[in-house]
Structure formats: C-alpha cells, structure tokens
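Once you know that position 44 of the sequence shown is 44 in full-length UniProt numbering, the rest is easy, because the numbers rise by one and skip nothing. Note that the Cβ used here is the ideal one computed from N, Cα and C, for glycine as well. One structure is given below, encoded as structure tokens.
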Amino acid sequence: MDTMNTFRTWLDESSHVLVAAGAGLSAAAGYDYGDTRRFAELFPALQRLGLRARYQLIGLRLPPPLLWGYWSVHVNDIRFGAEPNPLYRRLRALIGDREYFVLTSNVDGLFARNGFAEDRGWTPQGDYARYQCETPCTEETWASSSIISRALAAYDPRSGMVVDDTAIPACPNCGGPVFLNVHKGPEFVEAPYRQAHARFARWTHDLADDARLLVIEVGAGLSTPGVVRRPAEYIAYRTPGARLVRINPQHPEVPGALGDRALSIAADITQVLDHDQAGKANR
Ligand SMILES: [Zn+2]
C-alpha cells in the first residue's frame, strides 16, 4: 500500500517523533474496554447485573464494595501487570534513536512500562497508579498499589464485592471517599501531571529550526478529541515542516489545512507495524 510506504519514508526523514495516542492503541495492545468476552470472564457478578464491557463502568456509581471489587480487578489487570506488552515494544522499536515525546490519554502506564522514558511522556487524563480524594480535600495524591492489593485480597469473585469493609479505601487526609487519580469529572486532581505538561510544552516549543518533526497519532478517536487528536493536529500545523500521520481504522480523516503534510492510514497500528516489518525484510 502506498500510504504505508509514505509512512516509512516520512519516518526515515524525521529527526523527532511525537507519539500521540488514544484508547485505540491500548485496545490494539490487548486492553479493549469494549471486549465483552474478557469482561464476562473477569466480572461474572457484574455481567449478571446486566453490564457487558468495561467502558460502561467509567463514571458509573456503584455501592462501594462492588465499586472497589471492579476497580481493584481492573486496575490490577491493566496497570500493574508485570508482563511486557509486545505492541508497545514494537512501537518503541519503530521510533529508534529519534528524539521523542509521548502524549496519551491512556492512564494504564503502558508506555513507561515498555521502554519509553518516564520523563518523556505526559498523561493529562491521569494515571491508575495514583489515587485521590473524591472531594477533593487536598491536591495530594497517593500511590494506589497498596489500596488495590488490599481490596483484591478481600475480593470475592462470586459476588464481585470487596467483603471486608476495612479494605474499602478512604482518604488519608479527611477519611472521605477516594477514587483513582484519573479524569472523570471536575474533581480530578491534575497536580501530579503539571511538570510533565511543562516538559511537553517545552519540547514542542523548543524544536530546532532544522528539526524534522513527525507526529504519529494512534487510536485517538472522537470521544474526547481535545485531549490528543486536536493537539496533535495543532502541533503539526504550527511547527514548520512537521508532518502528521493519523493511524485510525474508524476515524482516519485528516484536516485539509495540513495539505500534503498529513497522511491518513485507515488501519490498525498492528497492521501498520506488520507491513513495515515485512517491507523492511525486503529492503
Ligand atoms: Zn479527603
């Protein structure tokens, strides 16, 4: 396919890469919030209540024992797994020695867990590895691994509940309800991500005149376009000579204002990587 070859050429010609990634990337990597089969395996009790997929749980109010039953299993699965992820590793290998930065709406830590530098990523929607007060009474946030493992230890898969009240997490400061430090509403505490935001802004502003920036956007759809999709377009637009590659099976269209500096690839990232690898073998 011509677009795949153009992508390879643009990558070869780039010195800097901005990876802009949405939920579609983690879905392709095996963490699909719409996967009904895996949901039924992991959450039989919630399935009996009529729920079918993880995306339905975002922002859903449930009684605390059921709420923490779900979130402890989910976060343990998606955030604290120790296994390397092959797709993220392949994406890292694709970028090679180029200067890079990552902007992602994903809160699963999969970039940093798969070879991307911690200080070259900005996660404006938060991170499951932290939790915060729901009120919030303070801007302080805390590492979530201990509350997740505590809730999991008291988790009963048959009822889907955390069966020990003392394993339901509470705010260390005011004793009130807590939630993971991820953006679901105005209570979100974004303080932990301010420094990364500043690094990201500096990186995109301080590109040298001769820098050849390639923005590779993967799986960023239209549900929250202001987080990844629009910023990716804008950075490509305002940076002289920059190019944008949009990899998205459902919404691959690119803005006309970018002209021949934008490439639309209506495919899954896995297909793109497979094609590139096959092409490499023949080169
Ligand atoms: Zn509090």
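For residue 186, which of 135, 54, 225, 174 has the nearest alpha-carbon?
Taking the sequence shown and counting its residues from 1, the one referred to as residue 186 is at position 186. Cα-wise, what sits closest to residue 186 is 135.
Check whether the region 73 to 82 touches the region 126 to 145, counting contact only when three or more Cβ pairs, one atom from each stretch, lie closer than 8 Å.
Yes, the region 73 to 82 touches the region 126 to 145.
Within the same chain, show all residues whose beta-carbon is closer than 7 Å to that of residue 29, passing over the 5 residues directly before and after it, in chain order.
Residue mapping note: residue 29 aligns to position 29 of the sequence shown, counting from 1. Only 85, 87, 88, 110 meet the Cβ criterion.
Segments assigned beta strand (DSSP E), at least 3 residues, entirely inside the region 208 to 233
Runs found: 213 to 218.
For residue 160 versus residue 69, is the C-beta spacing smaller than 8 Å?
Looking up residue 160 in the sequence shown gives position 160. Looking up residue 69 in the sequence shown gives position 69. Yes, Cβ-Cβ distance for residue 160 and residue 69 is below 8 Å.
Close beta carbons around residue 107, own chain, < 7 Å, minus the five adjacent residues each side
Numbered from its first residue, the sequence shown carries residue 107 at position 107. These residues qualify, in order along the chain: 123, 125, 126, 127, 128, 182.
Please state whether DSSP places residue 282 in a helix, a strand or coil.
Counted from its first residue, the sequence shown places residue 282 at position 282. Look at residue 282 here: in three-state DSSP terms it is helix.
Can you tell me whether residue 195 is buried or exposed, with buried defined as 16 or more other CB within 10 angstroms of its CB?
Your numbering for residue 195 matches position 195 in the sequence shown. Of the other Cβ atoms in all chains shown, fewer than 16 fall within 10 Å of the Cβ of residue 195; this residue is therefore exposed.
Look at the alpha carbon of residue 184 and the alpha carbon of residue 190, and state the distance between them as a whole number of angstroms.
Counted from its first residue, the sequence shown places residue 184 at position 184. Counted from its first residue, the sequence shown places residue 190 at position 190. Residue 184 and residue 190: Cα-Cα distance of roughly 12 Å.
Mind the definition here: the region 241 to 256 touches the region 205 to 219 only if three or more C-beta pairs lie below 8 Å; say whether that holds.
Counting Cβ pairs under 8 Å, three or more are found: they touch.
Excluding the five sequence neighbours on either side, which residues of its own chain have a C-beta within less than 7 Å of the C-beta of residue 92, listed in chain order?
The residue you call residue 92 lines up with position 92 of the sequence shown. Excluding the 5 residues flanking it on each side, residue 92 has same chain C-beta neighbours closer than 7 Å at 114, 115, 116, in chain order.
Out of 44, 66, 104, 179, which has the shortest C-alpha to C-alpha gap to residue 220?
Counted from its first residue, the sequence shown places residue 220 at position 220. Of the listed residues, the one whose Cα sits closest to residue 220 is 104.
For residue 246, which of helix, strand or coil comes out of DSSP?
Mapped onto the sequence shown, residue 246 falls at position 246. In the structure shown, residue 246 sits in a strand (DSSP, three-state: E or B).
Coil, strand or helix - residue 132 by DSSP
As a first step, residue 132 must be located in the sequence shown, where it is residue number 132. Three-state DSSP puts residue 132 in a strand.
Can you tell which of 234, 271, 265 has its C-alpha closest to the C-alpha of residue 6?
The residue you call residue 6 lines up with position 6 of the sequence shown. When each option's Cα is compared against that of residue 6, the closest is 265.
Boundaries of the beta strand (DSSP E) in which residue 99 is found, first to last residue:
Residue 99 sits at position 99 when you count from the first residue of the sequence shown. In this chain, the beta strand (DSSP E) harbouring residue 99 covers 99 to 104.
In chain order, what residues of the same chain lie with their CB nearer than 6 Å to the CB of residue 90, ignoring the 5 residues before and after it?
By 1-based counting over the sequence shown, the position of residue 90 is 90. Counting only residues of its own chain and dropping the five nearest sequence neighbours on each side, residue 90 has a CB closer than 6 Å to the CB of 273.
Ends of the beta strand (DSSP E) at residue 251?
Locating residue 251 in the sequence shown gives position 251, where the first residue counts as 1. Secondary structure note for residue 251: it is in no beta strand (DSSP E), with a DSSP letter that is neither H nor E.
Can you give me the C-alpha to C-alpha distance between residue 64 and residue 239, rounded to a whole angstrom?
Indexing the sequence shown from 1 puts residue 64 at position 64. Indexing the sequence shown from 1 puts residue 239 at position 239. Their backbone Cα atoms lie some 47 Å apart in a straight line.
Please confirm whether residue 18 and residue 235 have their CB atoms less than 8 Å apart.
Mapped onto the sequence shown, residue 18 falls at position 18. Mapped onto the sequence shown, residue 235 falls at position 235. At the C-beta level, residue 18 and residue 235 come within 8 Å of one another.
Test item: CB-CB of residue 237 and residue 258 under 8 Å:
Mapped onto the sequence shown, residue 237 falls at position 237. Mapped onto the sequence shown, residue 258 falls at position 258. Judged by their CB atoms, residue 237 and residue 258 are nearer to each other than the 8 Å cut-off.
Where residue 149 falls, given that 16 or more other Cβ within 10 Å makes a residue buried
Looking up residue 149 in the sequence shown gives position 149. Taking all protein chains shown into account, residue 149 has fewer than 16 neighbouring C-beta atoms within 10 Å of its C-beta and is therefore exposed.
To which residues of the same chain is residue 112 closer than 7 Å at the C-beta, ignoring the five residues directly before and after it?
Numbered from 1 along the sequence shown, position 112 holds the residue referred to as residue 112. Taken in chain order, the residues that qualify are 118, 121.
Below 7 Å, is the gap between the Cβ of residue 176 and the nearest heavy atom of ligand 1?
Position 176 of the sequence shown, counting from 1, holds the residue named residue 176. Yes.
Hey, quick one: how far does the beta strand (DSSP E) through residue 16 stretch, first residue to last?
Numbered from 1 along the sequence shown, position 16 holds the residue referred to as residue 16. Counted as a single uninterrupted DSSP element, the beta strand (DSSP E) harbouring residue 16 occupies residues 16 to 21.
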